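Read through the structure below, which is laid out as structure tokens, and then see the notes.
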């Protein structure tokens, strides 16, 4: 792409920052964060180094933006599931089927948050804190759904549902056998919820 004096003209008006983030989103997820250099993303986005570092002073700043963008997209999808579902039970079923659909899609490489966390060992790093914040949000989201289903003591059930989600994402990446995956996830989720309801009655 032709550039003039280090300035970038986004194709079809697409903002430069979005072009950089789109390149990061594709390559960080497909190949791993450490494996993708800033120079490669600069070339992929068709921007100058000056422009790249003006938007993202360090690669870690870009990784943080990538993780936050992934989190925002996932939150939007989960809220849409809740808006479109008849009740909390239907929402949980939609989540299970959504995980199955995602894990069967081309290019699926597991959970982007777990993948990113594996590359940042320090739990106090801003990237890890962003991942932790998103998982806290997800736990609260599940807790609200369980509350609507009459589960009073929700902490253990939320933890189990998150274990189920994480395990399903990992299995989806590693396993070639995808038959009946959605129903398996939904059945396991129902078992967690029913056990929590039963505990609440005893």
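Residue numbers (our numbering): 8 to 209. Using N, Cα and C, we set each Cβ at its ideal position, and we do this for glycine too. Every value quoted in this text rests on a predicted model; they were computed, and no experiment measured them.
query                                                                                                                                  : result
Pairwise C-alpha distance: residue 188 and residue 28                                                                                  : 32 Å
Beta-carbon spacing of residue 212, residue 71 below 8 Å                                                                               : This structure cannot settle anything about residue 212, because the visible part of the chain is limited to 8 through 209.
Three-way DSSP call (helix, strand, coil) for residue 48 in this model                                                                 : helix
Unbroken alpha helix (DSSP H) run spanning residue 132, endpoints                                                                      : No alpha helix (DSSP H) contains residue 132, which DSSP labels as neither H nor E.
Contacts around residue 168, its chain only, beta-carbon distance under 6 Å, and the 5 residues preceding and following it disregarded : 149, 199
Neighbourhood of residue 177 by C-beta, 8 Å cutoff - its chain only, sequence neighbours within 5 removed                              : 117, 118, 121
Validate contact between the segment 137-146 and the segment 72-92 using beta carbons, cut 8 Å, 3 pairs                                : yes
Distance between residue 95 and residue 159 (C-alpha atoms, nearest Å)                                                                 : 15 Å
Supposed close pair residue 153, residue 93 - CB separation, criterion 8 Å                                                             : Going by Cβ atoms, the distance from residue 153 to residue 93 rounds to 17 Å, so no, they are not a contact pair.
Where the alpha helix (DSSP H) containing residue 99 begins and where it ends                                                          : 95-110
Rounded straight-line distance, which links the Cα of residue 34 to that of residue 43                                                 : 7 Å
Reference residue 36; option with closest CA among 180, 195, 86, 60                                                                    : 180
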